[in-house]
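Residue numbers (the working numbering), protein chains in the order written: chain A, 220 to 507; chain B, 220 to 507.
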């Protein structure tokens, strides 16, 4: 199987260093330490077309340096500076993701999700006080009530419903014309992956899932989801579309999915980008 | 396979009602509407030994009533009252979980995670203002910066490492004597399920995972995790234990796991409770 998008980063997350102030100080003082060059939340492209790395002295004055981890023994940091959270995906960044191998996009994804989480969570949700980064940037601490807050990862199920050799694809009204993908939704408190898959297929398309199988996963850094990809056989194929969630949905056969992934003229839909696990899902389904 | 703990709730989450103020008002006015009786964050036991349900008029004055969903068409609510968040697991609740079928524990799990999330997140993490519940209790809204906050679910990988017919079990120093379980850890921003499994096994036990396979999942309401259970073959069995995470770890063969699950005298360890997915993991491994 192809590696899902945003996986395979060369980063060793080096958790013991995060937890040890002396080790963190040594990593910051390391002559081989490097800073991820960023333009706001966008990546800066280096001479090789991949991520660019500079010296720690390039960080804005007073910025907290978060330890992304080690690459080849060299400590890698990113500056948590005054970036507004929840930024849109820029055209440049999306072009880079199309071009980069998954492992390069994966390093960017970790940095982007971490920076964005700090930007969107400067205050304590428990007491309202302003918090500050700790543990090398992998948590924030409240000076008033002492609560520690950890970066949020939201699990999302994304599933290919299958009925008699056809799969269900849907589109949201905000997507570009022709773009369809697998259906997806957030896992809620108190449900399993399989229950979330069944609920979403029923809510969004009115179909009953059976035989739900996990296939693969990927992180998704917009802003920080864990995508859990499944395939589900369904008991019926009559669709009842929830118009609040979906603009349209339809069943597509094998030849249609093959034409879509190959971007052939006349294909029944425009597929998600290769770095989205929905693309891997279609590929895995075709490959059996 | 046995149903994992905390799954199979009879609740229909009825998302369209949450999103529609008129439908919510109608649900609250429904003569068949019921309120989950709670003692703080603990369940109240009904005459049948299961969860107990009363009338909505039993709610504390001014309490927000969150819509858990529908059971048999009847709207089911729980009061978000002044319960301190992050409560310990009481002996009574743990006894009930041992006794209840998974589907009854699942309804309690959804309510407990939701109540606890509200209790621990009364302020806006973005701007520090006090927030209020919206959408039938499935979100909070900030009156100052208009950010909407959704209940948090933290994905956790829990994995059975396997090497030549033996599996790895570990214990934390805080657990009761003899208790061992599968290793586990939080999924971080920027990593997949499989990467989190490999990282945790390497960090905590110094072993290299290969052939990671997803097996099952469950919600875990202390306070709100999504447990993602995997099995991983490992390239080696020499352990390097991270003493910050684990008190001890050891390899156990099939006969040992069978003896532990059967609670035989002389078993090599005391297994996790049946409602924990680690228990299902051991059972699934024994069953091949």
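Ideal placement from N, C-alpha and C gives every residue a C-beta, glycine not left out.
- At a cut-off of 8 Å, the C-beta of residue 253 of chain A has no neighbouring C-beta in chain B.
- Inter-residue distance for residue 258 of chain A and residue 333 of chain A is about 15 Å (C-alpha atoms, whole angstroms).
- Across the set B:485, B:462, B:488, B:452, the C-alpha of B:452 shows the shortest separation from the C-alpha of residue 504 of chain B.
- Put simply, the region 287-298 of chain B does not touch the region 471-485 of chain A. Fewer than three CB pairs are less than 8 Å apart.
- Listed as beta-bridge partners of residue 378 of chain A by DSSP are A:402, A:449.
- From the listed residues A:339, A:331, A:495, A:370, the smallest Cα separation to residue 347 of chain B is found for A:339.
- For residue 385 of chain A, the enclosing beta strand (DSSP E) begins and ends at 385-390.
- Of all alpha-carbon atoms in A:469, A:410, A:464, the one lying nearest the alpha-carbon of residue 321 of chain B is that of A:410.
- The DSSP-derived three-state label of residue 273 of chain B is strand.
- Within the same chain, Cβ atoms closer than 7 Å to the Cβ of residue 502 of chain A are found at 221, 480, the five residues on either side in sequence being excluded.
- For residue 433 of chain A, the enclosing beta strand (DSSP E) covers residues 428-439.
- The three-state secondary structure of residue 467 of chain B, taken from DSSP, is strand.
- Using beta-carbon distances, residue 433 of chain A counts as an interface residue toward chain B, with a partner under 8 Å.
- Non-local beta-carbon contacts of residue 437 of chain B in its own chain, meaning distances under 7 Å to residues more than five positions away in sequence, involve 223, 224, 225, 226, 446, 496 in chain order.
- Beta-bridge partners of residue 444 of chain B (DSSP): B:373, B:439.
- Between the C-alpha atoms of residue 494 of chain A and residue 361 of chain B there is a straight-line separation of about 34 Å.
- In this structure, the straight-line span from the alpha carbon of residue 392 of chain B to that of residue 388 of chain A is close to 49 Å.
- Between residue 297 of chain A and chain B, the shortest Cβ-Cβ separation is not below 8 Å.
- Per DSSP, residue 353 of chain A lies in no alpha helix (DSSP H) segment; the continuous beta strand (DSSP E) that holds it begins and ends at 351-353.
- Less than 8 Å divides the Cβ of residue 274 of chain B from the Cβ of residue 254 of chain B.
- With the rule of 3 Cβ pairs closer than 8 Å, the region 407-422 of chain B does not count as touching the region 302-312 of chain B.
- For residue 356 of chain A, the nearest beta carbon of chain B is not closer than 8 Å to its own beta carbon.
- Interface with chain A (8 Å Cβ-Cβ cutoff): residue 316 of chain B is excluded.
- Ranked by Cα distance from residue 251 of chain A, the first of A:283, A:262, A:289, A:432 is A:289.
- DSSP, read as helix, strand or coil, puts residue 501 of chain A in helix.
- Under the Cβ criterion of 8 Å, residue 373 of chain B is counted among the residues facing chain A.
- Residue-level contact check: residue 340 of chain B touches chain A, since one or more beta carbons of chain A fall below 8 Å from its beta carbon.
- For the C-beta of residue 261 of chain A, not a single chain B residue is nearer than 8 Å; the gap to the nearest is close to 16 Å.
- Taking the Cα positions, residue 378 of chain A is about 43 Å away from residue 277 of chain A.
- Secondary structure of residue 407 of chain A (DSSP, three-state): coil.
- Apart from sequence neighbours up to five positions away, the residues of its chain that approach residue 472 of chain B with a beta-carbon distance below 7 Å are 384, 385, ordered along the chain.
- Residues of the region 272-292 of chain A with a Cβ closer than 7 Å to any Cβ of chain B: none.
- Under a criterion of Cβ atoms nearer than 7 Å, the residues of chain A adjacent to residue 336 of chain B are, in order, 408.
- Here residue 298 of chain B is bridged, per DSSP, to B:284.
- For residue 360 of chain A, the enclosing beta strand (DSSP E) stretches over residues 358-360.
- CA-to-CA, the gap between residue 324 of chain A and residue 260 of chain B works out to about 42 Å.
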